[in-house]
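Visitor: Take this structure first; my questions come after.
2 protein chains.
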Amino acid sequence: MAVSFTSPIKPIIFFSPNNNQNPNFLSSSFRCSFSLKTHLPVEPEPVFSSVKSFAPATVANLGPGFDILGVAVDGIGDFVSLSLDPSVHPGELSIASISPASKLSKNPLFNCAGIAALAVMKMLGIRSVGLSLSLEKGLPLGSGLGSSAASAAAAAVAVNELFGGKLSQKDLVLAGLESESKVSGYHADNIAPAIMGGFVLIRSYDPLSLKRLAFPENKELVFVLVSPEFEAPTKKMRAALPAEITMAHHVWNSSQAAALVAAVLEGEVEGLGRALSSDRIVEPKRAPLIPGMEGVKKVAIEAGAFGCTISGAGPTAVAVTDGEERGREIGERMVEAFWKEGGLRAVAMVQRLDRVGARLVGSIPR
Amino acid sequence: MAVSFTSPIKPIIFFSPNNNQNPNFLSSSFRCSFSLKTHLPVEPEPVFSSVKSFAPATVANLGPGFDILGVAVDGIGDFVSLSLDPSVHPGELSIASISPASKLSKNPLFNCAGIAALAVMKMLGIRSVGLSLSLEKGLPLGSGLGSSAASAAAAAVAVNELFGGKLSQKDLVLAGLESESKVSGYHADNIAPAIMGGFVLIRSYDPLSLKRLAFPENKELVFVLVSPEFEAPTKKMRAALPAEITMAHHVWNSSQAAALVAAVLEGEVEGLGRALSSDRIVEPKRAPLIPGMEGVKKVAIEAGAFGCTISGAGPTAVAVTDGEERGREIGERMVEAFWKEGGLRAVAMVQRLDRVGARLVGSIPR
Chain D
1 MAVSFTSPIK
11 PIIFFSPNNN
21 QNPNFLSSSF
31 RCSFSLKTHL
41 PVEPEPVFSS
51 VKSFAPATVA
61 NLGPGFDILG
71 VAVDGIGDFV
81 SLSLDPSVHP
91 GELSIASISP
101 ASKLSKNPLF
111 NCAGIAALAV
121 MKMLGIRSVG
131 LSLSLEKGLP
141 LGSGLGSSAA
151 SAAAAAVAVN
161 ELFGGKLSQK
171 DLVLAGLESE
181 SKVSGYHADN
191 IAPAIMGGFV
201 LIRSYDPLSL
211 KRLAFPENKE
221 LVFVLVSPEF
231 EAPTKKMRAA
241 LPAEITMAHH
251 VWNSSQAAAL
261 VAAVLEGEVE
271 GLGRALSSDR
281 IVEPKRAPLI
291 PGMEGVKKVA
301 IEAGAFGCTI
311 SGAGPTAVAV
321 TDGEERGREI
331 GERMVEAFWK
341 EGGLRAVAMV
351 QRLDRVGARL
361 VGSIPR
Chain U
367 MAVSFTSPIK
377 PIIFFSPNNN
387 QNPNFLSSSF
397 RCSFSLKTHL
407 PVEPEPVFSS
417 VKSFAPATVA
427 NLGPGFDILG
437 VAVDGIGDFV
447 SLSLDPSVHP
457 GELSIASISP
467 ASKLSKNPLF
477 NCAGIAALAV
487 MKMLGIRSVG
497 LSLSLEKGLP
507 LGSGLGSSAA
517 SAAAAAVAVN
527 ELFGGKLSQK
537 DLVLAGLESE
547 SKVSGYHADN
557 IAPAIMGGFV
567 LIRSYDPLSL
577 KRLAFPENKE
587 LVFVLVSPEF
597 EAPTKKMRAA
607 LPAEITMAHH
617 VWNSSQAAAL
627 VAAVLEGEVE
637 GLGRALSSDR
647 IVEPKRAPLI
657 PGMEGVKKVA
667 IEAGAFGCTI
677 SGAGPTAVAV
687 TDGEERGREI
697 GERMVEAFWK
707 EGGLRAVAMV
717 QRLDRVGARL
727 VGSIPR
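Chains D and U supply the protein sequences, listed in that same order.
Counted the way the numbering used here counts, the first sequence spans residues 1 to 366.
Counted the way the numbering used here counts, the second sequence spans residues 367 to 732.
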């Protein structure tokens with residue numbers, strides 16, 4: 001089967017008749033045909049016979065940064081192992097395994113990692129070798145921690161690095177966006193920080209313009225991530241977003257988003273937390289849909305967090321502070337509050353800012 | 367007459383019966399009575415017999431920074447001369463002169479400089495000496511360059527410095543806000559940069575929270591200010607503001623405001639200009655009310671400006687670039703465009719970022 005693309009952003013997928021014309025096919029291996037433009041004039045040689053990559057969890061929205069800000073969180077994420085595989089047809093990709101066992105499709109066209117890997121293969125113009133991919137999910141699905149973006153980011157980086165790292169981070173974000181657009185909507189606030197690390201501001205989509213916001217090296221930033229056992233009602237979460245916003249709320253939230261960016265660049269954790277906590281548009285609509293969230297936020301601040309909000313579309317709550325010990329105390333209080341206020345069991349993680357983004361963690365030379 | 371205040375932010379003014387119960391009185395000298403709380407436990411001694419202060423022009427809004435961002439511009443502004451005056455009743459303020467002659471009131475309670483000066487006298491608890499103030503307007507009224515804020519800022523700083531500079535910049539902004547609230551609405555995006563210099567982000571009003579955004583010392587930033595001979599229709603300008611905003615526009619403008627702040631802190635003039643130019647909420651509504659503005663913006667960009675928008679509520683157009691020579695070329699083109707596209711005569715000024723804000727420019731010790 002052939003997959004061709006009219007642009008690097010919005011692919012139109014054609015299924016070649018020699019494989020399957022029905023998108024609901026069973027094969028888990030797909031060819032990238034590059035009849036349309038690719039990024040490289042010459043197909044690159046593989047540099048490794050196999051690589052293993054990691055991509056971190058991400059917190060999107062960050063309160064007033066709805067749809068425009070995201071940050072990578074170290075210590076949790078997804079792994080992708082990628083190998084040259086002579087048993088896979090040249091130019092094709094096969095998903096060998098997904099662990100732990102999940103409802104995720106092993107069909108690369110319906111799998112976050114698969115879609116991103118294929119997009120990168122297309123950009124590189126890979127025709128001469130077949131690839132086999134294994135995905136290890138470290139992130140739960142639907143938790144608001146950028147699970148799909150982590151898979152896509154790890155896969156995109158793995159393919160790129162296997163062939164010598166020819167593509168830029170922006171290209172990899174574009175590849176990841178193809179994946180995100182099919183899974184959770186065309187938004188870059190998870191995939192961009194998953195690939196680039198740190199804080200990323202999405203300036204525009206057409207053309208894609210991203211701004212990495214460097215948090216000072218000598219400052220400490222700790223995220224407390226508390227995930228309740230609760231499936232956030234995605235439809236309700238989206239429906240809760242107001243279509244129209246008052247000028248007063250717009251001015252307020254813009255100011256807080258601007259303050260958040262300034263606090264990140266200056267490493268001012270207290271100001272960062274205050275801004276994170278100050279969304280008057282999205283959080284007030286979504287928090288009531290997550291049992292206990294409002295109480296959890298209150299308790300987090302009482303316990304010394306500089307700020308707290310919903311991670312992505314939830315249900316995970318994210319609080320920020322500047323030390324791990326304090327972070328653990330805050331996490332315990334938040335877990336208690338989810339139980340007391342929302343009747344939900346929850347787990348807390350205390351993690352640092354990830355400054356690197358998706359990267360190789362292992363490789364075997366050819 | 368006595369002026370007392372219930373809070374440093376929103377004064378309630380009482381007119382004492384021994385002077386005049388009618389606010390439309392003629393006297394130009396007013397007493398500050400401090401029956402309510404003042405900032406200082408002991409009335410400070412004057413340090414100088416007279417001082418002269420300067421406060422710069424300011425550009426508010428900056429495109430997507432509507433109501434939350436402002437910047438001070440060097441080289442143009444208002445001057446205030448302030449003297450101890452034994453002929454003025456202790457604790458009172460008299461406005462001796464305003465030049466050039468204008469429609470501005472010499473009644474301190476109806477004059478920007480007077481209101482701010484009285485507010486600072488109140489904060490300091492001045493009861494023992496009388497003051498005489500002269501105002502030299504360097505800024506035209508109603509041009510969108512923060513004329514009222516410059517007068518208020520210069521007056522506030524003059525009073526504070528005459529008594530040894532006991533108050534903080536934030537106190538002086540609060541004093542200036544009393545003035546702005548009576549003249550042009552309770553907004554700090556002119557008065558804060560006029561007092562503090564540089565770029566200032568307004569985080570909140572209750573409590574007042576301001577963030578000074580430091581533009582790197584080693585980078586150059588030049589403003590091209592082109593003021594047409596046109597009285598911006600204030601009512602129409604206000605009515606043009608939409609009451610409700612779509613989520614898409616809110617997200618876009620927030621992102622641009624955040625990008626603007628990042629560009630300021632990093633001294634990235636090109637990004638700063640791009641963000642300044644990208645307002646999709648206010649400028650598209652207001653620009654059509656200023657004849658030629660849309661053409662002027664287009665021409666500024668063609669001539670090499672990194673960005674262009676309306677200064678404050680207009681009618682001045684502001685463009686940014688990184689060199690004075692280029693700034694002059696851009697200014698000439700913009701003046702031409704105001705004439706060709708709007709039939710308006712205009713004058714251009716090329717000015718640098720003011721990093722200092724309101725300050726003393728002269729003093730005579732006691």
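All C-beta atoms in this analysis are idealised placements derived from N, C-alpha and C, irrespective of residue type, glycine included.
Could you name the residues of the stretch 596 to 617 of chain U whose beta carbon sits closer than 7 Å to any beta carbon of chain D, in the order they occur along the chain?
Guide: Those residues of the stretch 596 to 617 of chain U that come within reach of chain D (Cβ to Cβ, closer than 7 Å) are L607, P608, A609, E610, I611, T612, M613, H616, V617.
Visitor: Alpha helix (DSSP H) containing U:V525: first to last residue?
Guide: Per DSSP, U:V525 belongs to the alpha helix (DSSP H) from 513 to 528.
Visitor: Taking only beta-carbon atoms, is U:K577 less than 8 Å away from chain D?
Guide: Yes - at least one Cβ of chain D is within 8 Å of the one on U:K577.
Visitor: Look at the Cβ atom of D:A305, then the Cβ atom of D:V282, and state whether they are nearer than 8 Å.
Guide: No, these two residues do not count as a Cβ contact at 8 Å.
Visitor: Is U:P650 near U:F596, with beta carbons less than 8 Å apart?
Guide: No.
Visitor: In whole angstroms, what separates the C-alpha of U:S514 from that of D:L360?
Guide: Approximately 58 Å between the Cα atoms of the pair.
Visitor: Excluding the five sequence neighbours on either side, which residues of its own chain have a C-beta within less than 7 Å of the C-beta of U:A558, listed in chain order?
Guide: Cβ neighbours of U:A558 beyond the five flanking positions: G436, V539, V566, I568, L576.
Visitor: Enumerated in chain order, which unbroken segments of the beta strand (DSSP E) with a length of 3 residues or greater are wholly contained in the stretch 394 to 464 of chain U?
Guide: Within the stretch 394 to 464 of chain U, the complete beta strand (DSSP E) runs of at least 3 residues are 395 to 398, 414 to 426, 435 to 450.
Visitor: Take every Cβ of the stretch 584 to 602 of chain U, pair it with every Cβ of the stretch 699 to 713 of chain U, and state whether three or more of those distances are shorter than 8 Å.
Guide: The stretch 584 to 602 of chain U vs the stretch 699 to 713 of chain U: in contact.
Visitor: Rank U:A483, U:F704, U:R694, U:G661 by C-alpha distance to the C-alpha of U:L533 and give the top, closest one.
Guide: Closest option to U:L533, Cα to Cα, is U:A483.
Visitor: For U:R569, return the contacting residues in chain D, with the cut-off set at a CB-CB distance below 7 Å.
Guide: Going along chain D in sequence order, the residues near U:R569 (Cβ under 7 Å) are S255, A259.
Visitor: Name the chain D residues that come within less than 7 Å of U:D433, Cβ to Cβ?
Guide: Correct list: V251.
Visitor: Helix, strand or coil: which one does DSSP assign to D:E229?
Guide: In this structure, D:E229 counts as coil in the three-state DSSP scheme.
Visitor: One question on the structure: do U:I561 and U:A724 come within less than 8 Å of each other, judged by their Cβ atoms?
Guide: Yes.
Visitor: With a cut-off of 8 Å, do at least 3 Cβ pairs link the stretch 410 to 425 of chain U to the stretch 455 to 471 of chain U?
Guide: No: fewer than three Cβ pairs fall under 8 Å.
Visitor: Can you tell me whether D:N306 is helix, strand or coil according to DSSP?
Guide: In the sequence under discussion, the amino acid at residue 306 of chain D is Phe, which differs from the Asn named in the question. Residue state, collapsed to three classes: coil.
Visitor: Flag D:A113 as yes if its beta-carbon sits less than 8 Å from any beta-carbon of chain U, otherwise no.
Guide: No, D:A113 lies away from the interface with chain U (no Cβ there is under 8 Å from its Cβ).
Visitor: Beta carbon of U:G633, beta carbon of U:K585: below 8 Å?
Guide: Against a cut-off of 8 Å, the Cβ pair of U:K585 and U:G633 comes out as a contact.
Visitor: Should U:P731 go down as buried or exposed, given a rule of 16 or more other Cβ atoms within 10 Å for buried?
Guide: Looking at its Cβ environment, which holds fewer than 16 other Cβ atoms inside 10 Å, U:P731 is exposed.
Visitor: Does the beta-carbon of D:L236 have 16 or more other beta-carbons within 10 angstroms, so that it is buried, or is it exposed?
Guide: The identity of residue 236 of chain D in the sequence shown is Lys, whereas the question assumes Leu. Per the 10 Å Cβ criterion, exposed.
Visitor: How big is the Cα-Cα spacing for U:S349 and U:H553?
Guide: Residue 349 of chain U lies beyond the range of chain U shown here (367 to 732); nothing can be said about it.
Visitor: State the DSSP-derived secondary structure class of D:V356, mapped to helix, strand or coil.
Guide: In the structure shown, D:V356 sits in coil (DSSP, three-state: anything other than H, G, I, E or B).
Visitor: Compute the distance between the beta-carbons of D:G367 and D:Q256, then report whether it is under 8 Å.
Guide: Outside the modelled stretch of chain D, which goes from 1 to 366, sits residue 367 of chain D, for which no answer is possible.
Visitor: Given a cut-off of 8 Å, decide if U:V439 and U:L591 are closer than it, judged by their beta-carbon atoms.
Guide: Contact flag set, yes.
Visitor: Since I believe U:A516 is in contact with U:A421 (beta carbons under 8 Å), could you give me their beta-carbon distance rounded to a whole number of angstroms?
Guide: Contact flag correct, Cβ pair sits at about 4 Å.
Visitor: Is there at least one Cβ from chain U nearer than 8 Å to D:A262's Cβ?
Guide: Yes, D:A262 counts as interfacial toward chain U.
Visitor: Can you say whether U:S415 is buried or exposed, counting buried as having 16 or more other CB atoms within 10 angstroms of its CB?
Guide: Classification for U:S415: exposed.
Visitor: Do you know offhand how far D:A119's Cα is from D:A156's?
Guide: About 8 Å.
Visitor: Kindly give me the distance between the Cβ atoms of D:E136 and D:F79, rounded to whole angstroms, as I take these residues to be in contact under 8 Å.
Guide: Contact holds; Cβ gap of about 4 Å.
Visitor: What is the DSSP secondary structure of D:P100, reduced to helix, strand or coil?
Guide: Coil, per DSSP.
Visitor: Could you tell me which of D:A154, D:L104, D:Y205 sits nearest to D:V183, measuring between CA atoms?
Guide: For the residues D:A154, D:L104, D:Y205, the minimum Cα distance to D:V183 belongs to D:L104.
Visitor: Using only CA atoms, which one of U:G551, U:V495, U:S449, U:R493 lies nearest to U:C478?
Guide: The candidate whose alpha carbon is nearest that of U:C478 is U:G551.
Visitor: Tell me the rounded alpha-carbon separation between U:S729 and U:L499.
Guide: Straight-line Cα distance between these residues: approximately 14 Å.
Visitor: Counting along the chain, where does the alpha helix (DSSP H) carrying D:E270 start and finish?
Guide: Note, D:E270: alpha helix (DSSP H), 269 to 276.
Visitor: Looking only at C-alpha atoms, which of D:I68, D:S97, D:H249 sits nearest to D:L131?
Guide: The shortest C-alpha separation from D:L131 is found at D:S97.
Visitor: Using the Cβ count rule (16 or more neighbours within 10 Å means buried), how would you classify U:S453?
Guide: The residue in question, U:S453, is exposed, as its Cβ has fewer than 16 Cβ neighbours within 10 Å.
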